[in-house]
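For what it's worth, this note's numbering labels the leading residue of the sequence shown as -14, then goes sequentially. Where a beta carbon is used, it is the ideal one built from N, C-alpha and C, also for glycine.
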Amino acid sequence: MDQSKEPDTLTHSAMKAFRTLTSCALKALLTLTYSALKAFRNCRRMYDLRYNRGLVPLDDDDSLALGAMFHACLERWYKRAADAPLDQVVAEILDFIDGSYPDRLTDDRQRKNWHLARAMFLAYIKKYPSEDFNIVAVEQEFNVPIVNPDTDCASRTFIMRGKADAVVVKDGQYFILEHKTASAIDGGYIERLPMDFQVTLYSDYIGRDMNIKVAGVIYNVVAKAQIKQGKGETEEEFEDRKAALLAKSKTGKTTASRKMAESDEDFQERLAAKYREDGMFHRELLYFYADQFAALHSEVWELTQQLLLARRTGRWYQNPDFCFHFNRPCAYFPICRSGENPNVIENLFRVAPQHPELGETAPADAPVF
Ligand code: SF4
């Protein structure tokens, strides 16, 4: 079966024109990602703080850090050479995890993510020792024009860039393989997957960039175990607990002994047992339908026009309805609440690359002002 079908929507001619652009012309275009557009849609001030000024909290979101690490492990796993000895590949990935958390003996957050990353990866390769698809590309990047759906002309300001976790072939059709880490894989989580517009849009862009037709997406979901390593008691805590037990005891005695910290080996075993339970892994295959792409392209174009206006006027409106959208404060809440107090920015934020997912790096010691 010939997989190379030319995508047949209205951006075909724009794509052909785009492929003739020189590298200079391409460099002059500003990169947009779906994450950036989504930030703009949710709160323009958030976009300004993150993408114009490059600010991120010093203490980045823990769940995102673990998700990025697990993605990096799967990238290495699926990029392995066909003839590479599996033991060696696994050992190298475990070394990579170890090397990513050098302060795990003293830093609780590093220790927690180190444990989880190891346990997730080892459980994953046991769960999926072989696959019913063939890998075509891993961490596949794309650069595509953003096209006006009414005129079929490409934006002269922006270019859409992004990256898909993998492109695979299953039963003769192309699919995007999308890795997700989730706190819990429940019915609500699965129900929401078809609303994941980023994957839908990126699939269309990847299809154009690779000149293939992407039939759908395979969501590859792994739960983050919520159990914690036993911390043990200090001598003082034990004495306090013992005193409380003795106060309640009718015999004036207690058999309580001091709780010792759980060893790394014991915790890894407990995590491995957790990952053998049902509901820690899930794969969901969803097919796309053509209208989905057209609606999303219109939305993207509309957002770019509003973004141009905001850039021209320098007005980046706040959306206070979004400040606690995820039942927790937005990462930029300290800045907005303080009226952009320079001390808050200097003490709690740093400058990061605009699109680190595309391999961009920030200049060292970049000032926050
Ligand atoms: S705190 Fe609220 S207003 Fe400020 S950037 Fe976040 S969502 Fe926007």
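Residues in the same chain with beta-carbon distance under 6 Å from residue i, minus the five sequence neighbours each way, listed in chain order, please.
i      : result
Val74  : Arg65
Lys155 : Phe118
Asp194 : Phe127 and Val129
His164 : His56, Leu59, Asp150 and Asn205
In chain order, what residues of the same chain lie with their CB nearer than 8 Å to the CB of residue i, ignoring the 5 residues before and after it?
i      : result
Ser188 : Ala149, Ile161, Val199, Gly201, Val202 and Phe273
Phe334 : Leu40, Val41, Pro42, Leu43, Ile320 and Val353
Ile144 : Leu11, Leu14, Leu15, Thr16, Leu17, Asn128, Val129, Pro130 and Ile131
Gly217 : Arg243, Lys244, Met245, Ala246 and Glu247
What residue range does the alpha helix (DSSP H) around residue i cover?
i      : result
Leu14  : Taken as a continuous stretch (DSSP letters only), Leu14 belongs to no alpha helix (DSSP H), as it is neither H nor E.
Arg233 : The sequence as given places Lys at residue 233; Arg does not occur at that position. Run containing Lys233: Glu220 to Lys233, per the alpha helix (DSSP H) assignment.
Gly173 : Gly172 to Arg177
Gly192 : Phe182 to Met195
Cys321 : Phe318 to Arg322
Asp93  : Asp93 to Lys112
Tyr32  : Arg29 to Tyr32
How far does the beta strand (DSSP E) with residue i in it reach, from first residue to last?
i      : result
Gln125 : Asn119 to Val132
His164 : Gln158 to Ala167
Tyr204 : Val199 to Ala208
Count the other CB atoms, across all protein chains shown, that sit within 10 Å of the CB of residue i; report buried if there are 16 or more and exposed otherwise.
i        : result
Ser25    : Sequence check: residue 25 is Phe here, not Ser. Burial call: buried.
Thr219   : exposed
Gln(-12) : The predicted model places Gln(-12) with a pLDDT of 39, which falls under 50 and marks its position as unreliable; any figure quoted below should be read in that light. Answer is exposed; the Cβ neighbour count stays below 16.
Tyr113   : exposed
Leu14    : buried
Leu186   : buried
Ala232   : exposed
Asn328   : exposed
Phe55    : buried
Thr166   : buried
Phe106   : buried
I'd like to confirm the pairing. Which residues does DSSP put opposite residue i in its beta bridges?
i      : result
Arg335 : Val41
Val75  : BP columns for Val75 are empty, so no partner.
Gly84  : In the DSSP output, where bridge partners are listed per residue, Gly84 has none listed.
Ala139 : Val132
Ala151 : Val123 and Leu162
Ile368 : Not covered by the structure: residue 368. The range shown for the chain is -14 to 354.
Looking only at its chain, what residues have a beta carbon closer than 7 Å to the beta carbon of residue i, apart from the 5 residues adjacent to it on each side?
i       : result
Met31   : Ala24, Cys315 and Tyr317
Asn133  : Trp286
Leu294  : none
Ala349  : Below a pLDDT of 50, predicted positions are generally treated as unreliable, and Ala349, at 48, falls in that range; no measurement from the model is reported.
Trp301  : Arg29, Arg30, Tyr32, Asp33 and Ala295
Ser140  : Pro130, Ile131 and Thr289
Leu(-5) : With a pLDDT of only 40 at Leu(-5), under the threshold of 50, the placement of this residue in the model should not be trusted, and no figure is reported.
Gln303  : Cys28, Arg30 and Cys321
At which residue ranges does the segment 255 to 316 contain complete alpha helix (DSSP H) runs of 4 or more residues, listed in the order of the chain?
275 to 298
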